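Trainee: Residue numbers for the sequence shown follow my numbering, so the first one is 551 and each next one is one higher. Attaching a single structure in structure tokens format; questions to follow.
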Amino acid sequence: MTRLLSSPTHMPALSRIDPLTTLDVAMPAEPLYPAYLPVRPEGFTATLDVPAFDAEEPGLRADPELPDILSSKAALKNITPRVGTEIRSLQLSQLTPAGLDQVALLAAQRGVLVFRDQDFADIGPERQLAIAKHFGPLHKHPTMGYPQGTGPEFQVVYADETVGNLRDLLGERTNYDLWHVDQTFTPNTPGNAFFWVLEMPASGGGDTAFTSLTAAYKALSPTFREGLHHLKLLHTSASVGEIARVGQERALKEAVKTEHPLVISHPVTKEPVLFVNPTIARQVVGYKPSESDLLLGFLHDHIRSLDFSCRVSWEKGTVVVWDQRTVAHSAVPDFKDGERRHMVRIISYGSQPQPL
Numbered sequence: 551m552t553r554l555l556s557s558p559t560h561m562p563a564l565s566r567i568d569p570l571t572t573l574d575v576a577m578p579a580e581p582l583y584p585a586y587l588p589v590r591p592e593g594f595t596a597t598l599d600v601p602a603f604d605a606e607e608p609g610l611r612a613d614p615e616l617p618d619i620l621s622s623k624a625a626l627k628n629i630t631p632r633v634g635t636e637i638r639s640l641q642l643s644q645l646t647p648a649g650l651d652q653v654a655l656l657a658a659q660r661g662v663l664v665f666r667d668q669d670f671a672d673i674g675p676e677r678q679l680a681i682a683k684h685f686g687p688l689h690k691h692p693t694m695g696y697p698q699g700t701g702p703e704f705q706v707v708y709a710d711e712t713v714g715n716l717r718d719l720l721g722e723r724t725n726y727d728l729w730h731v732d733q734t735f736t737p738n739t740p741g742n743a744f745f746w747v748l749e750m751p752a753s754g755g756g757d758t759a760f761t762s763l764t765a766a767y768k769a770l771s772p773t774f775r776e777g778l779h780h781l782k783l784l785h786t787s788a789s790v791g792e793i794a795r796v797g798q799e800r801a802l803k804e805a806v807k808t809e810h811p812l813v814i815s816h817p818v819t820k821e822p823v824l825f826v827n828p829t830i831a832r833q834v835v836g837y838k839p840s841e842s843d844l845l846l847g848f849l850h851d852h853i854r855s856l857d858f859s860c861r862v863s864w865e866k867g868t869v870v871v872w873d874q875r876t877v878a879h880s881a882v883p884d885f886k887d888g889e890r891r892h893m894v895r896i897i898s899y900g901s902q903p904q905p906l
């Protein structure tokens, strides 16, 4: 296979570049982080039915003045007024426990934090795991691969010319929006997620989009909100992604299920959250299927609004931390077939969702 997609001698003169022309660049012959390639020697396992437990929310321990973040040399910039903050000149790996608590609080408030120029990818699995564990017990994924010598607390998101990408996994579609909140099918739902980049597609793309579920709630009329407060959704591990990986029959047979309120009170900010999850929570409890589909169809379309969403572009040294009760997210698998995209995720559990 030819790795160099375009020779510099074939590029148009810089002064004559057509703005619609895509400039092909070379992809490294081998992965930049081979130690983080995904393995799963045990194969796919059944989803863990994690029982309810009392969880401490690190954001509630935090100094509300955020001194370790705001009093440092860090430069903060809101991505949009409603969701997302980009942070530079602050190393996650050097924060004290009190500083990490403040990260949890700011993530609860802003939804998603984009840390740039981080050394996180190079500090090793033990330190990465220790930092993520500060936020709570860690989720163990039943099907995703992890780096050799670690475990399913790490989830490697990997695409290349051999394994394919998300488009290959999901099959032919008109679009590949996959808005979701991770792993909400147990009594305790994820609190925070760490997601960091090892290698991005050579010709660009592969962003991640986020949408604010708190802003989505606020955008609804008071009368409409009232009608949602008493409703619950059925959450199941037989998600769109898991069905694509293991097949519908096995996914349904091994499914872990629970119910959560459709509108919850955020455990840290106490703000109301429209806790919808299009890939995992696809049934309104007590509704007939057609009634459920009608309501959820509207809500799923509603949370996609550009009014309260943002798109994160990845670059070397980026680590994204988000609060899974404040935002939903979707991959943007728009990069070229065969190009390498290499990411790692760790998810911590938070408390049990409570009604408003």
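No residue lacks a Cβ here, since even glycine has one placed at the ideal position from N, Cα and C. Note that this is a predicted model, so its numbers are computed, not measured.
State the beta-bridge partners of T808 as determined by DSSP.
Mentor: In DSSP, T808 forms a bridge with H785.
Trainee: Any idea if D980 is buried or exposed, counting beta-carbon neighbours within 10 angstroms, 16 or more meaning buried?
Mentor: Residue 980 is absent from the structure shown; the chain starts at 551 and stops at 906.
Trainee: Contact between the segment 730 to 750 and the segment 800 to 814: three or more CB pairs below 8 Å?
Mentor: Counting Cβ pairs under 8 Å, three or more are found: they touch.
Trainee: Does the contact criterion of 3 or more C-beta pairs under 8 Å hold for the segment 787 to 796 versus the segment 810 to 822?
Mentor: Cβ pair count under 8 Å is below three, so no.
Trainee: Can you tell me where the beta strand (DSSP E) with L728 in it begins and where it stops?
Mentor: Note, L728: premise wrong, no beta strand (DSSP E); not H, not E.
Trainee: With DSSP run on the structure shown, which of helix, strand or coil describes I896?
Mentor: Three-state result, I896: strand.
Trainee: Report the CB separation of T635 from R666 in whole angstroms; it is logged as a contact under 8 Å.
Mentor: Their Cβ separation, rounded to whole angstroms, is 11 Å, which puts T635 and R666 out of contact at 8 Å.
Trainee: Can we say the segment 672 to 682 touches the segment 873 to 889, given the rule of at least three CB pairs closer than 8 Å?
Mentor: No, they do not touch.
Trainee: Which same chain residues, not among the five before or five after L778, have their C-beta less than 7 Å away from its C-beta?
Mentor: Cβ neighbours of L778 beyond the five flanking positions: L812 and V813.
Trainee: Once DSSP output is grouped into helix, strand and coil, what is the label at G661?
Mentor: In this structure, G661 counts as coil in the three-state DSSP scheme.
Trainee: Sort out for me which residues DSSP pairs K627 with in a bridge.
Mentor: Answer is E636.
Trainee: Between V633 and V877, which are expected to be in contact by the criterion C-beta below 8 Å, what is the C-beta distance as a whole number of angstroms?
Mentor: Indeed they touch by this definition, with Cβ atoms about 6 Å apart.
Trainee: For L650 and L640, I'd like the C-alpha separation in whole angstroms.
Mentor: For L650 and L640, the distance between alpha carbons rounds to 12 Å.
Trainee: Can you tell me whether T758 is helix, strand or coil according to DSSP?
Mentor: Strand at T758.
Trainee: So P581 and L587 are supposed to be a Cβ contact under 8 Å. How far apart are they, rounded?
Mentor: Confirmed, about 6 Å.
Trainee: When you compare only the Cα positions, how much space is there between Y726 and G756?
Mentor: Taking the straight line joining both Cα atoms gives about 12 Å.
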